[in-house]
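Participant: Going by UniProt numbering, the residue at position 508 of the sequence shown is 508; the numbering climbs one at a time, nothing skipped. First, the structure itself, so that you have it in front of you.
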Amino acid sequence: MKGLNVSVMWNFLFVPQRKNTKRVPSFRKLLRTSKIKLDNKLKNKQYKQQSAAKKYRKEQKKLRQAVRDAVRKKPFPLEDYKKKPVAEKQEEEEEDEALPLDMMDEDDLKLMEDLARKASFLTRDISSNEPVHIKKRKRDSVIEKYEKIPRRINTEPEKEVIHLLPIKDKGGIIPQTMEKPVPDVAEDEEEDMEEMEVAEELNEEPPPVLTPEEMAAQRKVKLQERKMHIAALASAILSDPENNIKKLKELRAMLMEQDPNVAVIVRKLVMVSLMEVFKDIAPSYKIRPLTEAEKATKVKKETQKLREFEEGLVSQYKFYLENLEQTIKDWKQRKLKKSNVVSLKAYKGLAEIAVKCLCELLVALPHFNFHNNIIVLIVPLMNDASKTISELCCEAVKKLFKQDKLGFASLGVVKVVSGLVKGRSYNVRPEVLKVFLHLRIKEVELKKDSEDIAPKKKFLTFKEKRKHLSRMQRKWKKAEEKLERELLEAEASESKEKKLKLHTETLNIVFLTYFRILKRARKSPLLPAVLEGLAKFAHLINVEFFDDLLLVLHSLIASDDLSYRESLHCILSAFQILSGQGDVLNIDPMKFYTHLYKTLFSLHAGSTNDDIEIVLQCLDVMLAKRRKQVSQQRALAFMKRLSTLALHVLPHSSIGILATNRILMQTFPKMDLLLDNESQGSGVYLPELDEPEHCNAQNTAVWELHLLQRHYHPTVQKFAAHLAVGAPAEGSGALSLDLSR
Numbered sequence: 001m002k003g004l005n006v007s008v009m010w011n012f013l014f015v016p017q018r019k020n021t022k023r024v025p026s027f028r029k030l031l032r033t034s035k036i037k038l039d040n041k042l043k044n045k046q047y048k049q050q051s052a053a054k055k056y057r058k059e060q061k062k063l064r065q066a067v068r069d070a071v072r073k074k075p076f077p078l079e080d081y082k083k084k085p086v087a088e089k090q091e092e093e094e095e096d097e098a099l100p101l102d103m104m105d106e107d108d109l110k111l112m113e114d115l116a117r118k119a120s121f122l123t124r125d126i127s128s129n130e131p132v133h134i135k136k137r138k139r140d141s142v143i144e145k146y147e148k149i150p151r152r153i154n155t156e157p158e159k160e161v162i163h164l165l166p167i168k169d170k171g172g173i174i175p176q177t178m179e180k181p182v183p184d185v186a187e188d189e190e191e192d193m194e195e196m197e198v199a200e201e202l203n204e205e206p207p208p209v210l211t212p213e214e215m216a217a218q219r220k221v222k223l224q225e226r227k228m229h230i231a232a233l234a235s236a237i238l239s240d241p242e243n244n245i246k247k248l249k250e251l252r253a254m255l256m257e258q259d260p261n262v263a264v265i266v267r268k269l270v271m272v273s274l275m276e277v278f279k280d281i282a283p284s285y286k287i288r289p290l291t292e293a294e295k296a297t298k299v300k301k302e303t304q305k306l307r308e309f310e311e312g313l314v315s316q317y318k319f320y321l322e323n324l325e326q327t328i329k330d331w332k333q334r335k336l337k338k339s340n341v342v343s344l345k346a347y348k349g350l351a352e353i354a355v356k357c358l359c360e361l362l363v364a365l366p367h368f369n370f371h372n373n374i375i376v377l378i379v380p381l382m383n384d385a386s387k388t389i390s391e392l393c394c395e396a397v398k399k400l401f402k403q404d405k406l407g408f409a410s411l412g413v414v415k416v417v418s419g420l421v422k423g424r425s426y427n428v429r430p431e432v433l434k435v436f437l438h439l440r441i442k443e444v445e446l447k448k449d450s451e452d453i454a455p456k457k458k459f460l461t462f463k464e465k466r467k468h469l470s471r472m473q474r475k476w477k478k479a480e481e482k483l484e485r486e487l488l489e490a491e492a493s494e495s496k497e498k499k500l501k502l503h504t505e506t507l508n509i510v511f512l513t514y515f516r517i518l519k520r521a522r523k524s525p526l527l528p529a530v531l532e533g534l535a536k537f538a539h540l541i542n543v544e545f546f547d548d549l550l551l552v553l554h555s556l557i558a559s560d561d562l563s564y565r566e567s568l569h570c571i572l573s574a575f576q577i578l579s580g581q582g583d584v585l586n587i588d589p590m591k592f593y594t595h596l597y598k599t600l601f602s603l604h605a606g607s608t609n610d611d612i613e614i615v616l617q618c619l620d621v622m623l624a625k626r627r628k629q630v631s632q633q634r635a636l637a638f639m640k641r642l643s644t645l646a647l648h649v650l651p652h653s654s655i656g657i658l659a660t661n662r663i664l665m666q667t668f669p670k671m672d673l674l675l676d677n678e679s680q681g682s683g684v685y686l687p688e689l690d691e692p693e694h695c696n697a698q699n700t701a702v703w704e705l706h707l708l709q710r711h712y713h714p715t716v717q718k719f720a721a722h723l724a725v726g727a728p729a730e731g732s733g734a735l736s737l738d739l740s741r
């Protein structure tokens, strides 16, 4: 090969070559290309060395895995056994013949040949893939089975050799070589080994054990650091929201606190801080996404800056709401994260804070983006099994109803509540329906709000115009005032119509929910809330439904399936209907009078008596507000029974009943008949009769007032004495000013 290379060089130097017609490249180009080729060649060699080292590491990993499997009694061969082809065997024989055996004795050679025939594990060629033991022995142990599996030789990666100048001596030319150092691969391997050693040291050496006092002090320091960081970020955002909007992302990232010692408290603090920040920096309008045309147009720097701020604010607000929603979902599903930073018990506290933040945003930002999403999150939680969370959500919805003047937010909540009640098959808590009682749907408020929206504008009189303005100015002023009047009227009518339309749609959904429950779920615990709602909004129901609704209410009372409180709500609903638009109807509500008269003595006389308020409302609607439709016999019967009832109930209930008797005595002229012992007609008073018209109440007296004058409560004594003398408005028997009110 050496001679061939010399001859080639000789021919290249001295034999005349064919003339090259191409342009000869410059020396700089040759130098540049040769450097690139050398670099590429060096990279290729380094890549080969790296791949060889990688292959070596894989083989070592396989070998370690095989050892582990042998310990687990699951031995399996590393690879299939294959016999070497004849050509490879011949090459190995030729290599064996080339070994320097002339330096060994004949006895040693013979011994090695005998050992080779036995082919034991230590003397055989371990690079061969052919198994030595073909027959299996019985009852071999796992280790023996593993030993039978052939090993692969741990071939080290080939080292790159640099050929140096040869040396010539008497014996001939001696080639010189040198191993080329490969620093990159060696350093990588050393780094890997060091990392593995560090990991083993970390796994082997446990951290130093701290005392409880040291752990508490360390936790306190960490918590203080986090608090200062949260405060710094929040104050920076509030001081200049447009320039520091990116710090919202940094603050929101702290919701993923990973330190288990302070994770729960830090996450709670970040939730509340972000909620307060969004309440302060959110604008008073809804931010809409820009269209493609608006994005393409060039705008001023200030406008572009405002757009970037709004876009960043909306995106961070969206991510924040998603984090709150995920926190609540994790708690509801009892889902534990892989990191185990927060325990399952701590998730309830986090979920409560998340719900509080959502409730605050629901009330504070009804005009801002994603308000409907917050409603969809909050309304199902009103029916939550946790009483704390349910009360939080119900209170937030009540606040929203009370402050919502126009009705957009109220309509959204009512729609979701109606869908929830229907979707759960009316199996929801009564508190969910009771929030409807706080809706701002009243005629008085509608008139008041429309007046506030359209204030009266003062225009100049004709004399003032003539005094201060010229003829042309008066002409222009007249046209201007006419236009302003038209604009004010249009604005007021439009806003009023919009509000009435929203309120009408809201009430339609409320009544639809109520009627569904009356029709399909009469024995549901939602019935009291439905009857209470009907009692409040009955004056807004269409007159066409009055007959059917009164029939349903009477059938409910007659069925005897209702509780005492539910029957009182039925009576109150019926008379609320009749006291409003129902005056035009020719309906006799005598059945409702009879039912209330019959059930008055069923009123609870203990400290748990909460029904007295509903009873007094019913009496006010049935007797005082309908005095023209109430006969004298009926009024006398109710007053006698109420006086008897006042002896049995607690003082505050007695005062309310006596105040009602005072109103009856002042409303109906001949009520003083009950203060006289002489009978006023034929018949005897029948206290056990349930018909107020036929119990002959005019033939009795309210002797209960004499007992009540000896009551231990001073206010009851005063009321009883006042009624005993005929309830005068003035004089010695009159009530004091504070009691008469």
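Ideal Cβ positions, reconstructed from N, Cα and C, are used throughout, including at glycine.
1) On the CB-based measure, 16 or more other CB atoms within 10 Å of its CB, does N44 come out buried or exposed?
2) Counting C-beta neighbours from all protein chains within 10 Å, is the total for T327 16 or more, i.e. buried, or is it exposed?
3) Using only alpha-carbon positions, find the residue among F408, P687, L708 that is nearest to L658.
4) What residue range is occupied by the uninterrupted beta strand (DSSP E) comprising residue 752?
5) Taking 6 angstroms as the cut-off, is the CB of T504 close to at least one heavy atom of the ligand PLP?
6) Three Cβ pairs or more, each shorter than 8 angstroms: is that satisfied between the stretch 730–737 and the stretch 664–680?
7) Going by the beta-carbon positions, is the gap between L551 and A574 smaller than 7 angstroms?
8) Under a three-way DSSP split, which group does V266 fall into?
9) With which residues is I167 paired in a DSSP beta bridge?
10) Check this for me: beta carbons of M228 and E360, under 7 angstroms apart or not?
11) When burial is assigned at 16 or more other CB atoms within 10 Å of the CB, is I237 buried or exposed?
12) Is I657 helix, strand or coil when you go by DSSP?
13) Output yes if chain D places a C-beta closer than 7 angstroms to the C-beta of P525; else output no.
14) I441 by DSSP, collapsed to three states: which one?
15) What are the partner residues of I162, as DSSP defines its beta bridges?
16) Assess contact between the stretch 430–438 and the stretch 514–533, defined as three or more Cβ pairs (one per stretch) separated by less than 8 angstroms. Is contact present?
17) Assuming L623 contacts F638 under a Cβ cut-off of 8 angstroms, what Cβ separation, rounded to an integer in Å, is found between them?
18) Contact between the stretch 361–378 and the stretch 303–312 is defined here as three or more beta-carbon pairs at a separation below 8 angstroms; is this criterion met?
19) Cα separation between R634 and F401?
20) Is the separation between the beta-carbon of E688 and that of S643 shorter than 7 angstroms?
21) Rounded C-beta distance between R516 and L556? I'm assuming under 8 angstroms.
22) Is C695 helix, strand or coil when you go by DSSP?
23) Taking only three categories from DSSP, how would you classify W703?
24) Measuring CA to CA, which of C695, A535, I143 is closest to R68?
25) How would you write the range of the alpha helix (DSSP H) that G412 sits in, first residue to last?
26) Answer yes or no: do L392 and V355 have a C-beta to C-beta separation smaller than 7 angstroms?
27) In angstroms with no decimal places, state the Cα-to-Cα distance between Y81 and R334.
28) How should F546 be labelled, buried or exposed, when 16 other C-beta atoms within 10 angstroms of its C-beta is the threshold for buried?
29) State the DSSP-derived secondary structure class of F638, mapped to helix, strand or coil.
30) Taking all protein chains shown into account, do 16 or more other C-beta atoms lie within 10 angstroms of the C-beta of K268, making it buried, or fewer, making it exposed?
31) Starting from K345, trace the alpha helix (DSSP H) in both directions and tell me its first and last residue.
32) Specify the secondary structure class of F537 as computed by DSSP and reduced to three states.
33) Ends of the alpha helix (DSSP H) at E213?
34) Is there contact between the stretch 594–608 and the stretch 561–569, where contact requires at least three CB pairs shorter than 8 angstroms?
Facilitator: A quick look at the data gives this:
1) exposed
2) buried
3) L708
4) Residue 752 is absent from the model: the chain starts at 1 and stops at 741.
5) As far as ligands go, the structure on display features none, and thus does not contain the ligand PLP.
6) no
7) no
8) helix
9) I174
10) no
11) buried
12) helix
13) The displayed structure is made up of one protein chain only, and chain D is not part of it.
14) coil
15) M178
16) yes
17) 6 angstroms
18) no
19) 41 angstroms
20) no
21) No, R516 and L556 are not in contact; Cβ-Cβ is about 15 angstroms, not under 8 angstroms.
22) coil
23) coil
24) I143
25) 408–423
26) yes
27) Low per-residue confidence applies at Y81: pLDDT is 47, beneath 50, and the placement is therefore not dependable enough to give any value.
28) buried
29) helix
30) buried
31) 344–364
32) helix
33) 212–239
34) yes
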